[in-house]
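J.: Okay, handing you the structure first.
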Amino acid sequence: MAGEEKYMKAAIREAVKARALGEVPIGCVIVYEDKIIGRGYNRRMVDRNVLAHAELTAIRKACRKMGDWRLEGCTMYVTLEPCPMCAGAIVQARIPEIRIGSMNPKAGCAGSVLNLLQEKGFNHQVRVETGILGEECSQMLSEFFKELRKKKKEGAAVQIS
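The C-terminal position of the sequence shown is numbered 804 in the working numbering, with every residue numbered one higher than the one before it.
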């Protein structure tokens, strides 16, 4: 298995943890010198905290491991294109590369809605590669939202009767 797929699979395993909590299944790992130094998965609902995104958790852990706020030399693997908050954190952490599984046409800031990661006005730009295990990442999200819509519909039907 190629290194990119190996690390994206690790990010997918993180997303599965989020899914088990009823969270949107988004996972992230940060790699330095061929070792995972930060992991995270979506925990917004469980933690009741808007900042509990997979990327921010992984960045926090990687910074602790590196002993620095700069994550130069690292590569981030994330199952879904980062939101504006996470894209900003990636730029601020000086992460040079990101690999994205699935794009997010409604809120993504690595090229879908905006491209904060490669904004020329910033003092740091991030190399972006998309589509790593993209079908698997997209399917995981699609299934989650399909189940969520079904549960909401069933809940509404129960309340009406």
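Glycine included, every Cβ here is placed at the ideal spot set by N, Cα and C.
Measuring only the C-alpha atoms, how far is Ala658 from Val756?
T.: Taking the first residue of the sequence shown as 1, we reach residue 658 at position 15. Taking the first residue of the sequence shown as 1, we reach residue 756 at position 113. The straight-line gap from Cα to Cα measures roughly 23 angstroms.
J.: What do you get for Gly681, buried or exposed, if any count of 16 or more other CB atoms within 10 angstroms of its CB means buried?
T.: Position 38 of the sequence shown, counted from the first residue, corresponds to residue 681. So Gly681 counts as buried.
J.: For Pro748 and Asn758, I'd like the C-alpha separation in whole angstroms.
T.: Against the sequence shown, residue 748 aligns to sequence position 105. Against the sequence shown, residue 758 aligns to sequence position 115. Whole-angstrom Cα-Cα distance: 12 angstroms.
J.: Are the beta-carbon atoms belonging to Gly776 and Val769 less than 9 angstroms from one another?
T.: The residue given as residue 776 occupies position 133 in the sequence shown. The residue given as residue 769 occupies position 126 in the sequence shown. In the sequence as presented, Gly is not what sits at residue 776; that position holds Leu. Result no, Cβ atoms of Leu776 and Val769 do not sit closer than 9 angstroms.
J.: Compute the distance between the beta-carbons of Phe765 and Val734, then report whether it is under 9 angstroms.
T.: Numbered from 1 along the sequence shown, position 122 holds the residue referred to as residue 765. Numbered from 1 along the sequence shown, position 91 holds the residue referred to as residue 734. Yes, these two residues count as a Cβ contact at 9 angstroms.
J.: In three-state terms, what does DSSP make of Ala653?
T.: By 1-based counting over the sequence shown, the position of residue 653 is 10. Three-state DSSP puts Ala653 in a helix.
J.: Are there 16 or more other CB atoms within 10 angstroms of the CB of Ala663, so buried, or fewer, so exposed?
T.: As a first step, residue 663 is located in the sequence shown; it is residue number 20 there, counting from the start. Exposed, since its Cβ has fewer than 16 Cβ neighbours within 10 Å.
J.: What is the residue span of the beta strand (DSSP E) that Val721 lies within?
T.: The residue labelled residue 721 in the question sits at position 78 within the sequence shown. Start and end: 717-723.
J.: For Trp712, collect the residues of the same chain with a Cβ closer than 7 angstroms to its Cβ; drop the 5 residues on either side in sequence, then sort them by chain order.
T.: Along the sequence shown, one-based indexing puts residue 712 at 69. Same-chain partners within the cutoff: Cys706, Ala736.
J.: Roughly how many angstroms lie between the CA atoms of Glu790 and Ala654, to the nearest whole one?
T.: In the sequence shown, residue 790 corresponds to position 147, counting from 1. In the sequence shown, residue 654 corresponds to position 11, counting from 1. Distance between the alpha carbons of Glu790 and Ala654 is about 22 angstroms.
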